[in-house]
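In what follows, a single structure is set out as structure tokens and then discussed.
In our numbering, the protein residues as written are 144 to 333.
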């Protein structure tokens, strides 16, 4: 038996290693992300995580524990994924400036025929940003591979005035919730 992380995210890998989950194999999903277009928020993140986990589970042993995750940022009714380019990142950061938004991370855990899913929500409060700050942050390159065009664990922390909820959820993996899910699969991390 091994743990398989269905993600190429270095942040998720780092968090899994921090928790002492081993042996850990990284096997990212390669197919197109597919979810019902009518889903929003936590339901969308959960569906995307399940899609990734199912795809990867088909390439694994039935004894492996496959973990899929997907993070999205929601502001009002708009869903912000990863920016397509720098202009898209600037658009997202301008929209988030001075406002609160919600970060949802869906998690799916599969072992053989057993599947569990969960979506975690964390509210993030941005301070008001100037155009120069937005341009400076984009110039770091940090926003380009992150939902909502920012990373709380890096220079993006300078944009955030506070959060309500799980910090690690904003990084892309709600570790407390995942720990509880893994207990259902016979894994005790403490």
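Every residue, glycine too, gets a C-beta built ideally from N, C-alpha and C.
Using C-beta distances below 8 Å, list every residue in its chain close to residue i, excluding the 5 sequence neighbours before and after it, in chain order.
i, result
"residue 304", "268, 269, 270"
"residue 311", "158, 317, 318, 319"
Only counting the same chain, and skipping five residues up and downstream in sequence, which positions put a Cβ closer than 7 Å to that of residue i?
i, result
"residue 327", "259"
"residue 297", "285"
"residue 235", "223, 226, 291, 292"
"residue 242", "218, 269"
Near residue i, which residues of its chain fall below 6 Å by C-beta distance, leaving aside the five closest residues on each side in sequence?
i, result
"residue 184", "217, 247"
"residue 276", "none"
Would you mind stating whether residue i and residue j have Cβ atoms separated by less than 8 Å?
i, j, result
"residue 253", "residue 200", "yes"
"residue 245", "residue 231", "no"
"residue 205", "residue 255", "yes"
"residue 192", "residue 182", "no"
"residue 264", "residue 308", "yes"
Would residue i be called buried (16 or more neighbouring beta carbons within 10 Å of its own) or exposed?
i, result
"residue 294", "buried"
"residue 220", "exposed"
"residue 202", "exposed"
"residue 282", "exposed"
"residue 152", "buried"
"residue 278", "exposed"
"residue 331", "exposed"
"residue 228", "exposed"
Quick test of the definition: if touching needs 3 or more C-beta pairs under 8 Å, does the stretch 170-187 touch the stretch 206-220? yes
State whether the stretch 312-322 contacts the stretch 149-158, with contact taken as three or more CB pairs (one from each stretch) at a distance under 8 Å. yes
Please confirm if the stretch 144-153 is in contact with the stretch 163-171, defined as three or more CB-CB distances below 8 Å between the two stretches. yes
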